[in-house]
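Protein chains in written order, with this note's numbering: chain A, 1 to 368; chain B, 369 to 478; chain F, 479 to 652.
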Amino acid sequence: MKTTELAIVGAGPAGVCAALEAASCGVKVTLIDREEQIGGQLVKQTHKFFGWHEKSAGTRGIVISGDLADQVKANPDICFMGSAEALGYFQDDGVLLLETPVGIQKLKPERLLIATGASEKMILFPGNDLPGVYGAGAVQTLMNVHGVRPGKSVLMIGSGNIGLIVSYQLAQAGVKVAAVVEALPNIGGYAVHASKIRRLGIPIYTRHSIKEAYGTACVEGAIIWQLDDNWQGIAGTEKQLDVDVICLATGLTPLCEFLWQAGAEMAYIPELGGFVPLYDENMETTVEGVYVAGDAACIEEASTAMAEGRLAGLAIAYSLGKVPADEFSRKRAESLKELDELRAGPTSGAIVKGLAVMKEQMRKRVSQ
Amino acid sequence: MESSDIRITQHPILDFPDRRKIKFYWEGKELEGYEGEPIASALHAAGIKVLHKSLKQGCPRGFFCAIGNCSSCLVVVDGVPNVRACTEKLRAGMRVEMQEGVGPVPASKE
Amino acid sequence: MKPDVLMTTGIPSKEQIDSATPPGSRRKQGPFVVIECFQEIPCDPCYHSCRFGAIKPFESLNDIPQVDWEKCTGCGVCVAACPGLAIFVVDETFSDTECLIAMPYEFSPLPGKGDPVHLLDRSGDKVGEGVVHRVVPGRKPQGTPVVWVRAPRELSLNVRNLLPSAGKGGNNCV
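#1: I need the DSSP call for MET358 (chain A), collapsed to helix, strand or coil.
#2: Figure out for me which residue from F:PRO520, F:LYS534 and F:ALA580 has the closest Cα to the Cα of HIS53 (chain A).
#3: For a contact defined as C-beta to C-beta under 7 angstroms, what are the partners of THR206 (chain A) on chain F?
#4: What does ARG199 (chain A) reach in chain F if we use C-beta pairs closer than 8 angstroms?
#5: Report the three-state DSSP secondary structure of ILE416 (chain B) (helix, strand or coil).
#6: Out of B:GLU398, B:LEU458, B:SER440 and B:ARG452, state which residue places its alpha-carbon closest to the alpha-carbon of CYS427 (chain B).
#7: Count Cβ pairs between the stretch 35-49 of chain A and the stretch 290-306 of chain A that sit closer than 8 angstroms; are there 3 or more?
#8: Just checking: is the beta-carbon of ALA413 (chain B) within a distance shorter than 8 angstroms of some beta-carbon in chain C?
#9: Closer than 8 angstroms, Cβ to any Cβ of chain A: which residues of the stretch 502-515 of chain F, in chain order?
#10: Report yes if the C-beta of LEU259 (chain A) is less than 7 angstroms from at least one heavy atom of the ligand SAM; otherwise report no.
#11: Determine the direct distance from the alpha carbon of GLU398 (chain B) to that of VAL652 (chain F), and round the result to whole angstroms.
#12: Near GLU110 (chain A), which residues of its chain fall below 6 angstroms by C-beta distance, leaving aside the five closest residues on each side in sequence?
#13: Compile a chain-ordered list of the residues in the stretch 516-544 of chain F whose CB is closer than 7 angstroms to at least one CB of chain A.
#14: Would a check of beta-carbon distances place ILE495 (chain F) closer than 8 angstroms to chain A?
#15: In whole angstroms, what separates the C-alpha of ILE171 (chain A) from that of GLY404 (chain B)?
#16: Given that a residue counts as buried once 16 or more other Cβ atoms are within 10 Å of its Cβ, and exposed if not, what is SER56 (chain A)?
#17: Among F:PRO594, F:ASP599, F:SER601 and F:TYR583, which one has its Cα closest to the Cα of VAL614 (chain F)?
#18: With DSSP as the reference, identify every bridge partner of GLN105 (chain A), one or two as the case may be.
#19: Which runs of the beta strand (DSSP E), 3 residues or longer, sit entirely within the stretch 487-536 of chain F?
#20: Who are the near neighbours of GLY648 (chain F) in its chain, counting only those whose CB is closer than 6 angstroms to its CB and skipping five residues on each side?
#21: Measuring straight from C-alpha to C-alpha, what distance separates TRP626 (chain F) and VAL290 (chain A)?
#22: How long is the line joining the alpha carbons of ASP383 (chain B) and PRO619 (chain F), rounded to whole angstroms?
#23: Ordered along the chain, which non-local residues of its own chain (more than five positions away) have a Cβ less than 8 angstroms from that of ALA194 (chain A)?
#24: Quick check: ILE64 (chain A) and VAL133 (chain A), are their CB atoms within less than 8 angstroms of each other?
#25: Output yes if chain A places a C-beta closer than 8 angstroms to the C-beta of SER476 (chain B); else output no.
#26: Listing by chain order, which chain B residues have their CB less than 7 angstroms from the CB of PRO582 (chain F)?
#27: State the DSSP-derived secondary structure class of LYS549 (chain F), mapped to helix, strand or coil.
#28: According to DSSP, what are the bridge partners of GLN226 (chain A)?
#29: Quick one: is GLN172 (chain A) near chain F, going by C-beta distance under 8 angstroms?
#30: Quick one: is SER634 (chain F) near chain B, going by C-beta distance under 8 angstroms?
#31: Looking only at its chain, what residues have a beta carbon closer than 8 angstroms to the beta carbon of GLY58 (chain A), apart from the 5 residues adjacent to it on each side?
#32: Return the residue from the list A:VAL219, A:GLU220 and A:GLU238 that minimises the CA-CA distance to ASP228 (chain A).
#33: Count the other CB atoms within 10 Å of the CB of ARG388 (chain B); is the residue buried (16 or more) or exposed (fewer)?
#34: Taking Cβ-Cβ distances below 9 angstroms as the criterion, which residues of the stretch 557-579 of chain F are in contact with chain A?
#35: Is the CB of ARG423 (chain B) under 8 angstroms away from at least one CB in chain A?
#36: Spatial neighbours of ASN437 (chain B) within its chain, please: CB distance less than 7 angstroms, with the 5 preceding and 5 following residues excluded, ordered by chain position.
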């Protein structure tokens, strides 16, 4: 059976940054992704990222993913396995099962990092199963990766950063955005993203939601309405929208099936995106040797995913004896400070609260 | 939407390189797509959104996540069911059918 | 609690816009930057883009950028650097009746010098007509093009988007 020092499932921002950090410390890494290319969801992010100037801020996601891919390919200590879908992790034997273009393969890593990202949340409304109702990320993939417009006119549900950014990108692709609706009283994403689509003439309706999608075989239109303080639709406020696409940007939830399977302790922390694995300051889960980073750990921005990846890569290298203790504690402190600073603003309030809940649960667990 | 409007040819940030046009079949009808793009993208560009019929009530299903997470877009490819249209790459001559429920049992290769 | 207009509509309040605009004496001296970034978010490329030190150093990554109007030359480099596309340059000294406004414009096709454009405000409404004065194209895929338009002077603080009058722009309001 093939062995490796570190196997990383997911070659998105978190997984790649972990691979580069661990390899720079001398760890032999196998980086696995079901896609052919490196970059995960960065490959469809045409907007410029926030964060530090020194750490890729101001650079488009598609450019960052190209740079990361070049670094991975140039690194002899990282073996990239593309078009390889991880099927399961069998903790008793420590074996990862992969479906590759040459068949099923087994891989036994000394350390495992799960960086599988997230999936889109569904919301309930009549007609939500009609073709034409797509995740916002799906629409981004279709137009920015494959060059196909999703339709003529779009209703965007959700005004978090994804809803706002994808609305802007739809306009860039020449697709009309009929409206953005937001159930909360305030816009969820960054104000600059909201201003950017408002000046294109895209209306944002706060305290509004979708009442229903209609159509026989596909979406032919949607009805939106205003919500009262108890989140109920107000009769008489309905607006009919002539749209052929409805985009859901109502949040993401961590994709952490591998961690459930590995027996990692999970907790329901809504601020972090739903069920998340418990992990410590080294990004190690409650299963020794199994680490997590990026959206699989907690739903945040790509900049934090990259920082978490670097932290996990460093901690894994240390656990394998590749980094001296003093260097590890110095670099880890820098990394934690970086994450704290990324989360210092008012827009990260919920995340900070959720991470405090996580920390408390970890503390209770250790003291038991 | 005309098929000429659905493919993006001009974009402020992205360039979409020319790819090889190939023929494939949807429900027996000949269509054109680009080699290597996902089946779902070729079908969407041809105006086809219903890819699958649900197991119990036969409700129409299209793709939802477009990255292989959700199984909303299962189709039958060359007689093999449960192929994700959103991630499976298009090849010349491929015969793609709408999948009803769990789809047919594939013929044994032996 | 007073509702936050910016976070309910996506459009900054008059007070916020005033806070981003230099005093009248400075406005008479030449082009100046208007940074419409009113929310603490973790982002600092504008500070690093300014060669004149006109954007004051950040104490924290989440700081709202502060401008030293005396150092700002209105060059427009920060307009293309801002990831949030929230920076504009205004020159009210262009002529007696017209001003220049520099705006980030990530749509295709790019207008050319001399092209007539509709001038749009912060909600995408047409508020006047203008002419393209200069285009600084960005290199694909990373660059953000900056379009300088000539606009009626009284609209200098209102116009924040443009729409080519002829042909199809990739803009939602078409």
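Ideal Cβ positions, reconstructed from N, Cα and C, are used throughout, including at glycine.
For this structure:
#1: MET358 (chain A): helix per DSSP, three-state reduction.
#2: Checking every option, the nearest Cα to that of HIS53 (chain A) belongs to F:PRO520.
#3: Here the neighbours are THR486.
#4: Ordered by position in chain F, the residues that pass the 8 angstroms Cβ test against ARG199 (chain A) are LEU598, ASP599, ARG600, SER601, GLY602, ARG638 and ASN639.
#5: In the three-state DSSP reduction, ILE416 (chain B) falls in the coil class, being neither helix nor strand.
#6: It is B:SER440 whose Cα lies nearest to the Cα of CYS427 (chain B).
#7: Taking 8 angstroms as the limit for Cβ pairs, the verdict is that the stretch 290-306 of chain A does touch the stretch 35-49 of chain A.
#8: The structure shown has no chain C; the protein chains it does contain are A, B and F.
#9: Near chain A, meaning a CB-to-CB distance below 8 angstroms, the residues of the stretch 502-515 of chain F are GLU514 and CYS515.
#10: You won't find the ligand SAM in this model; it holds no ligand whatsoever.
#11: Only weak support exists for where VAL652 (chain F) lies, its pLDDT of 42 falling under 50; the coordinates are left without a value.
#12: Annotation for GLU110 (chain A): GLU5 place their beta carbon closer than 6 angstroms to its own, counting only its chain and skipping 5 residues before and after.
#13: Residues are counted here when their Cβ sits less than 7 angstroms from a Cβ of chain A; for the stretch 516-544 of chain F these are PHE516, GLN517, GLU518, ILE519, PRO520, CYS521, ASP522, PRO523, HIS526, SER538, LEU539 and ASN540, given in chain order.
#14: Answer no: the Cβ-Cβ gap between ILE495 (chain F) and chain A never drops below 8 angstroms.
#15: The residue asked about is misnamed: residue 171 (chain A) is Ala in this sequence, not Ile. Taking the straight line from one Cα to the other gives about 26 angstroms.
#16: Classified as buried, SER56 (chain A) has 16 or more neighbouring CB atoms from the shown chains inside 10 Å of its CB.
#17: When only C-alpha atoms are compared, the closest one is F:TYR583.
#18: Per DSSP, the beta bridge partners of GLN105 (chain A) are A:LEU98.
#19: Runs found: 510-513.
#20: Legend: pLDDT at GLY648 (chain F) = 48, less than 50; position of this residue unreliable, value from coordinates given subsequently. Spatial neighbours of GLY648 (chain F) in its own chain (CB-CB distance under 6 angstroms, excluding positions within 5 residues in sequence) are listed in chain order as PHE585 and SER586.
#21: Whole-angstrom Cα-Cα distance: 53 angstroms.
#22: Rounded to the nearest angstrom, the gap between the Cα atoms of ASP383 (chain B) and PRO619 (chain F) is 8 angstroms.
#23: Cβ neighbours of ALA194 (chain A) within its own chain (closer than 8 angstroms, five residues either side excluded): SER159, LEU164, ILE187 and ILE204.
#24: Here ILE64 (chain A) is not near VAL133 (chain A), since their CB atoms are 8 angstroms or more apart.
#25: Closer than 8 angstroms: no.
#26: At a beta-carbon threshold of 7 angstroms, none of the residues of chain B lie near PRO582 (chain F); the nearest stands roughly 11 angstroms away.
#27: For LYS549 (chain F), the secondary structure class from DSSP, reduced to helix, strand or coil, is coil.
#28: Secondary-structure assignment with DSSP links GLN226 (chain A) through a beta bridge to A:HIS208.
#29: With its beta carbon less than 8 angstroms from one in chain F, GLN172 (chain A) belongs to the interface.
#30: Chain B, which has no Cβ nearer than 8 angstroms to the Cβ of SER634 (chain F), makes this no.
#31: Cβ within range, chain order: LYS48 and PHE49.
#32: When only C-alpha atoms are compared, the closest one is A:GLU238.
#33: Only exposed fits ARG388 (chain B), as fewer than 16 other CB atoms lie within 10 angstroms of its CB.
#34: Cβ contacts with chain A come from ALA559, CYS560, PRO561, GLY562, LEU563 and ALA564.
#35: Checking the sequence, you will find Leu at residue 423 (chain B) rather than Arg. Taking Cβ atoms only, chain A never reaches closer than 8 angstroms to LEU423 (chain B), which makes this a no.
#36: So the list is empty, once near-sequence residues are dropped.
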